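Down below is the structure, laid out as structure tokens.
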Amino acid sequence: MSKIYAVGDVQGCAPSLKALIKKLPAKSKIIFLGDLVNRGPDSLGTLRYLKRLQESQRIECILGNHDLHLLAVDAGLRKTKGLDTVQPILDAPDRAELISWLRHRPMALSNGKVLTVHAGVLPQWDLQQTIECAKEVEKALRKKSYKDFLANMYGNTPNKWSNSLKGYERLRVITNALTRIRFCTPSGTMEFESKEGFENGPKGYVPWFKAPKRKTADTLMFFGHWSTLGLLRNKNVIGLDTGCVWGGKLTAMEIPESGKDGQKLELIQVAGYDHPLRM
956 MSKIYAVGDV QGCAPSLKAL IKKLPAKSKI IFLGDLVNRG PDSLGTLRYL KRLQESQRIE
1016 CILGNHDLHL LAVDAGLRKT KGLDTVQPIL DAPDRAELIS WLRHRPMALS NGKVLTVHAG
1076 VLPQWDLQQT IECAKEVEKA LRKKSYKDFL ANMYGNTPNK WSNSLKGYER LRVITNALTR
1136 IRFCTPSGTM EFESKEGFEN GPKGYVPWFK APKRKTADTL MFFGHWSTLG LLRNKNVIGL
1196 DTGCVWGGKL TAMEIPESGK DGQKLELIQV AGYDHPLRM
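Written out as structure tokens, the structure reads:
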């Protein structure tokens, strides 16, 4: 049976991406954990390459906050920022094709044993609810009226989950949890400003994966998004954003077929991009 790997944030680092693919077994399957584009030297080349690989059914790509940012910029709802490198996508002759492909990607993936997301989950969600919530956002992104969702996607409120949430507020909380969360209170109130390592978070908040009574605690999870953590391996929680775009590495780790942590998993890394603004 083919091995499956999870890969951390690529962020437009096409040379690192192609180097990593060459190191992985030819028949392996790969799940990219979001933030496919932006900040790196070749977001357009990265998106085209990943689209080709996904259409050959070798890979799947989860959406991250930078990917949603590109969708919002494409829709005319956001402006590019100083460090953005998505303009070549917006100028490309295949722009519409690439954007359509991107908005049909999943927000989370699971085989019933392992859960892969970009940023994290809320403590109230179990595996099934996480996937169901992800599908709500996926449905909104795939509608002809998807720009209405994108226009209402941004904002830090509500910052806590309730099963009674409806409409765009519900979709906003889900999107923020899956693509932006780092810290939350033990009861699941999210905080969006802090980007430090998990030992230096704001008072009263914990890393989402350390929230007590988290309902996904027994599910093996892979995530990206949090580059200041580096390679993280806690019980049932594996963080793979190793700062490729900031001179770190691009990291792939084997996903165990059993869905059980505690075993030695193959780790493959390549050098990242030496960003000119890296401190």
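Heads up, the sequence shown is in my numbering, so the first residue is 956 and it goes up one at a time.
A virtual CB, placed ideally from N, CA and C, is assigned to each residue, including glycine.
Quantities reported herein were computed from a predicted structural model and do not represent experimental measurements.
Relative to the C-alpha of residue i, which residue among the options is closest?
i, options, result
"R1013", "E1052, M1062, I959 and K1036", "I959"
"H1178", "T1206, R1169, A1166 and W1201", "The amino acid occupying residue 1178 in the given sequence is Phe; His does not appear at that position. Closest by alpha carbon: T1206."
"S998", "K1165, G1075 and K973", "K973"
"R1050", "S971, A969 and R1003", "R1003"
"I1129", "K1068, D964, L1032 and P1078", "P1078"
"G1143", "E1154, A1166 and G1156", "A1166"
"E1052", "K1006, E1087 and G1152", "K1006"
"T957", "C968, K1168, D964 and S983", "Correcting the residue identity first, residue 957 is Ser in this sequence and not Thr. Nearest option by C-alpha distance: S983."
"P1061", "I1193, D1196, S1100 and Q1009", "Q1009"
"L991", "F1104, G1198 and G1152", "G1198"
"L1105", "A1089, T1112 and R1127", "R1127"
"A961", "E1015, D1229, Y1228 and K1150", "E1015"
"P1231", "E1154, W1116, Q1218 and G1202", "G1202"
"D1039", "Y1101, C968 and G1067", "C968"
Output the distance between the C-alpha atoms of residue i and residue j, rounded to the nearest integer angstrom.
i, j, result
"N1191", "P1048", "43 Å"
"Q1083", "T1140", "22 Å"
"T1071", "F987", "9 Å"
"V1092", "K978", "33 Å"
"N993", "L1120", "31 Å"
"E1221", "I1210", "9 Å"
"D1046", "L1026", "14 Å"
"A981", "G995", "25 Å"
"V1161", "F1138", "5 Å"
"G1159", "I1136", "15 Å"
"D1081", "G1122", "21 Å"
"G1110", "E1087", "22 Å"
"A1074", "L1133", "5 Å"
"G1037", "D1173", "41 Å"
"T1085", "G1000", "31 Å"
"S1055", "G1031", "15 Å"
"K1099", "S1065", "26 Å"
"I1193", "L1186", "8 Å"
Assuming the contact rule is C-beta atoms closer than 8 Å, residue i and residue j should be a hit. Round their C-beta distance to whole Å, please.
i, j, result
"M1145", "N1114", "5 Å"
"Q966", "V1225", "Actually they are not in contact, since the Cβ atoms of Q966 and V1225 sit about 14 Å apart, beyond 8 Å."
"D1216", "L1175", "5 Å"
"L1023", "M1108", "7 Å"
"G1214", "V1041", "The pair is not a contact, with the Cβ atoms about 35 Å apart (cut-off 8 Å)."
"D964", "D1196", "5 Å"
"R1125", "L1096", "Wrong, their Cβ atoms sit about 14 Å apart, outside the cutoff."
"G1227", "S971", "5 Å"
With DSSP as the reference, please indicate the residues paired to residue i in a beta bridge.
i, result
"R1188", "I1193"
"K984", "I959"
"I1014", "I985"
"S1065", "L1070"
"A1226", "K1204"
"C1139", "M1145 and V1161"
Does any CB atom of chain D fall closer than 7 Å to the CB of residue i?
i, result
"Q1042", "Given the protein chain composition of this structure (a single chain), no chain D is represented."
Can you list the alpha helix (DSSP H) stretches of 4 or more residues lying completely in the stretch 1073-1132, in chain order?
1082-1097 and 1101-1106
Any chance you could list the alpha helix (DSSP H) runs of at least 4 consecutive residues sitting entirely within the stretch 1027-1057, in chain order?
1042-1046
Report the residue ranges of all beta strand (DSSP E) runs contained in full by the stretch 1148-1224; include only those spanning at least 3 residues, in chain order.
1175-1178, 1187-1189, 1192-1194 and 1204-1210
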